[in-house]
Amino acid sequence: MVKRSELELDDSLFEGEEKSHRLRRGRADNALAVVIALTVAMVALLVFTSEKENWWAVAMLGILFLASELFALPMKPSGRLSLALLVVVMAMMISGPLGAAVVTLFGIPVYWLEREEQGAKKVIFNTCQMMFAAGAAAWVFHYTGGALLEASLKNGGKLVFPWVLAMLVFYILNTVLITPVLTPDGESMTRFWQRRMLPRSPGYLLYGGIGFMAAALYVRLEFPAVLLLFAPLIAIRVVFTRYESMRDVCDKTTLAVMEAVEGPGTPMEGHSVGVAAIALAIAEEMNFQERDLHYLRQAALLHDIGKLALDPAIFAKDGPLTPEEYEEMKKHPLIGGRIVSREPSFAVVAPAITHHHEMTDGSGYVDGLAAEAIPIGARILAVADSFDAMQRPAAYRESLSPYDAASEIIKAKGIQYDPEVVDAFVNVVARRGIWTGLLKDSVPMPSDKVDAEPETGLEPEQPTLEDAVGGVVDISEEERERTATPADGIKYDEVRSEIEKDIVEWERAEGDRTRRKARGEPGRRAGSRKKAKKKDKGPKGEKKR
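Heads up, the sequence shown is in our numbering, so the first residue is 4 and it goes up one at a time.
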């Protein structure tokens with residue numbers, strides 16, 4: 004039985020069997036200490052500089068803030084959508100800087116309910132970062148020409164510029180403070196902020212604008228305005244809950260269908276879940292939006308649904324397929340695309356399912372598409388499908404290790420697989436620790452290396468990422484162009500024999516290494532023998548003394 008939790012876009016899906024989170028915990032602890040210090044300093048400043056506050060408004064807005072956090076909408080694949088910013092803007096324009104900071108304290112009960120295993124640390128961090136961002140934004144608003152919004156709204160036009168500055172400050176502080184905590188292991192905080200936080204800036208501006216209008220409504224109606232703003236929150240929550248319920252039913256139906264294809268105890272059990280995990284990681288590396296991630300996930304889970312319409316004996320056969328059986332098997336992408344296209348909610352993923360066996364050089368099936376004519380979702384599924392499938396036993400070969408499977412994908416870059424997708428795949432397996440499946444820590448990227456060879460957490464003589472890609476992962480455009488090998492005109496079938504020879508040679512080398520270890524002889528890491536010989540010789544082949 005496949006667990007639904009395995010389908011979430013969670014970094015733990017892509018890390019090695021032995022995970023280490025010491026770096027992330029240390030980063031989170033440092034962020035917590037910084038946020039606490041900043042919040043204490045901000046509160047002290049506001050206490051000594053604040054003028055008369057409208058505490059009645061603070062109480063009303065605090066209740067509304069609590070409701071906003073309590074009825075926040077859960078968003079997939081991760082996160083939640085809250086209207087708390089709307090309330091913060093109202094407090095900033097109605098009660099002043101100190102009042103805006105105090106309003107955020109009403110969210111503590113919700114933060115406590117969501118504390119999970121982080122406990123009090125998470126509660127303190129969420130409270131302090133929200134309080135600091137709200138107080139700082141309100142302080143900027145009032146000390147750049149802003150003033151409390153009047154009931155007559157006569158000064159509304161003069162508050163636009165201070166409001167824009169305050170929204171900018173809140174957005175920067177709120178996103179920068181949570182970035183160290185949310186950044187996955189192996190990814191820089193700058194890149195994470197650009198990838199996940201920068202696209203959210205329009206949302207901050209939108210909610211800030213709604214908050215401006217809500218403040219105008221409050222100063223005219225006061226308490227009834229709270230009821231008018233609270234009622235839509237409940238209505239939205241009810242509608243969204245029903246939508247989420249329908250979506251969960253859809254997900255469970257998808258899993259039930261795929262269990263019919265990948266039954267328990269079969270070599271392909273959990274294959275679609277594995278493909279979904281890798282495909283989502285690649286797409287995230289390529290900066291896909293959350294909506295597209297959802298569609299790609301559905302396509303990955305359903306990419307083999309067409310096999311339901313074929314003879315089960317073909318997929319249960321122990322030996323190689325006959326030409327007739329192979330031609331029959333090649334129909335499953337087209338059948339799968341037709342099946343999902345009948346349901347409007349799944350029709351958008353039909354092209355990715357139909358073409359996930361196409362190849363970059365045009366030698367794939369079902370339509371022989373090439374390069375960018377292949378839908379991007381299908382190009383990603385091709386890599387993810389191959390990577391997971393090669394690690395499973397088949398009638399014509401044994402299962403490959405994660406290293407060998409990834410190496411085969413890299414060899415077929417520009418021939419069978421899209422170069423851009425392969426580049427993203429390499430970054431994923433390197434940063435998230437699934438290159439060997441035995442990593443204790445993520446493989447360090449070349450930019451992290453120093454003169455002394457770093458510890459990688461690998462077993463002795465374990466092949467590393469550099470063996471497969473020639474020691475370079477992230478290279479400049481000039482270097483990429485200089486070392487690139489054109490694949491134009493090359494068909495996958497033409498180089499298949501060469502790839503098979505490479506596999507045989509690798510297996511022979513692995514056998515030799517195993518025999519040397521059994522005899523107690525020192526071994527060399529794969530791919531390092533030639534370098535060692537060159538290092539021991541002088542310019543004309545003479546050994547150095």
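Positions of the beta carbon are idealized from the N, C-alpha and C atoms, including for glycine.
Self-check item: Per DSSP, the bridge partner or partners of Y420
Solution: Paired residue(s): K416.
Quiz item: Between L384 and D370, what straight-line distance do the alpha-carbon atoms span, to the nearest angstrom?
Solution: 16 Å
Quiz item: Quick one: what's got a C-beta closer than 7 Å to V92's C-beta in the same chain, skipping five residues either side?
Solution: G211, G214, F215 and A218
Practice problem: With distances taken Cα to Cα, identify the nearest neighbour of A397 among E287, A319, V425 and S344. | Solution: The shortest C-alpha separation from A397 is found at A319.
Quiz item: Between L258 and A279, is the Cβ-Cβ spacing less than 8 Å?
Solution: No.
Quiz item: If you compare alpha carbons, which of R199, M393 and E117 is closest to N290?
Solution: R199
Quiz item: Measuring CB to CB, does A355 end up less than 8 Å from G322?
Solution: Judged by their CB atoms, A355 and G322 are not nearer to each other than the 8 Å cut-off.
Quiz item: What residue from G340, P315, A62 and G339 has the CA that sits closest to E328's CA?
Solution: Just measuring C-alpha positions, the residue of G340, P315, A62 and G339 sitting nearest E328 is P315.
Quiz item: Okay, do the stretch 54-66 and the stretch 132-144 touch, 3+ Cβ pairs below 8 Å being the bar?
Solution: no
Quiz item: If we count the other Cβ atoms within 10 Å of its Cβ and call it buried at 16 or more, is S191 buried or exposed?
Solution: Exposed, by the Cβ-count rule.
Quiz item: According to the neighbour-count rule (16 or more other Cβ atoms, all chains shown, within 10 Å of its Cβ), is V43 buried or exposed?
Solution: exposed
Practice problem: Pick helix, strand or coil for M216, following the three-state DSSP scheme. | Solution: Reduced to three states, the DSSP call for M216 is helix.
Quiz item: Can you round the beta-carbon distance between V424 and I285 to whole angstroms, since I take them to be within the 8 Å contact cut?
Solution: 6 Å
Practice problem: Return helix, strand or coil for N177, following the three-state DSSP convention. | Solution: Helix at N177.
Quiz item: Do M332 and L311 have their CB atoms nearer than 8 Å?
Solution: no
Quiz item: Buried or exposed: V90, going by 16 or more other Cβ atoms within 10 Å of its Cβ?
Solution: buried
Quiz item: P202: buried (16+ other C-beta within 10 angstroms of its C-beta) or exposed?
Solution: exposed
Exercise. Measure from the alpha carbon of V167 to the alpha carbon of each residue in L208, F74, G367 and N33, then state which is nearest.
Key: L208
Self-check item: 7 Å Cβ shell around V172 - same chain, five flanking residues per side excluded
Solution: A139, A140 and V143
Quiz item: When DSSP labels each residue in this structure, what does S389 get in the three-state scheme?
Solution: helix
Practice problem: Using a threshold of 8 Å, state whether the C-beta atoms of S344 and C253 are closer than that. | Solution: no
Quiz item: Would the beta-carbon of K416 fall within 8 Å of that of P422?
Solution: The answer is yes: Cβ separation under 8 Å.
Exercise. For H145, name the three-state secondary structure that DSSP assigns.
Key: Reduced to three states, the DSSP call for H145 is helix.
Exercise. Have a look at A409 and V429 and give me their C-alpha separation to the nearest angstrom.
Key: 8 Å
Quiz item: Would the beta-carbon of A87 fall within 8 Å of that of S98?
Solution: no
Quiz item: Considering only residues of the same chain and omitting the five flanking positions on each side of G365, which have a CB-CB separation below 6 Å?
Solution: Spatial neighbours of G365 in its own chain (CB-CB distance under 6 Å, excluding positions within 5 residues in sequence) are listed in chain order as G371 and A373.
Quiz item: In chain order, what residues of the same chain have a beta carbon less than 7 Å from the beta carbon of H335, not counting five sequence neighbours either side?
Solution: D307, G309, K310 and L313
Self-check item: Cβ neighbour criterion (16 or more within 10 Å) applied to Y406
Solution: buried
Self-check item: Rounded straight-line distance, which links the Cα of V352 to that of L67
Solution: Approximately 40 Å between the Cα atoms of the pair.
Quiz item: Is DSSP giving M362 helix, strand or coil here?
Solution: coil
Exercise. If I'm right that A136 touches L180 with Cβ under 8 Å, what's the distance once you round it to whole angstroms?
Key: Contact check for A136 and L180: beta-carbon distance about 7 Å, within the 8 Å limit, so the pair qualifies.
Quiz prompt | Cβ pair T107, M134 closer than 8 Å | solution = The criterion of a C-beta distance shorter than 8 Å is satisfied by T107 and M134.
Quiz item: Among the residues of its own chain, which have a CB less than 7 Å from the CB of L41, if the five just before and after it don't count?
Solution: F135
Practice problem: Spatial neighbours of A427 within its chain, please: CB distance less than 7 Å, with the 5 preceding and 5 following residues excluded, ordered by chain position. | Solution: Answer for A427: I285, E288 and M289, listed in chain order.
Exercise. Buried or exposed for D391, please, with buried defined as at least 16 other CB atoms from any protein chain shown within 10 angstroms of its CB.
Key: buried
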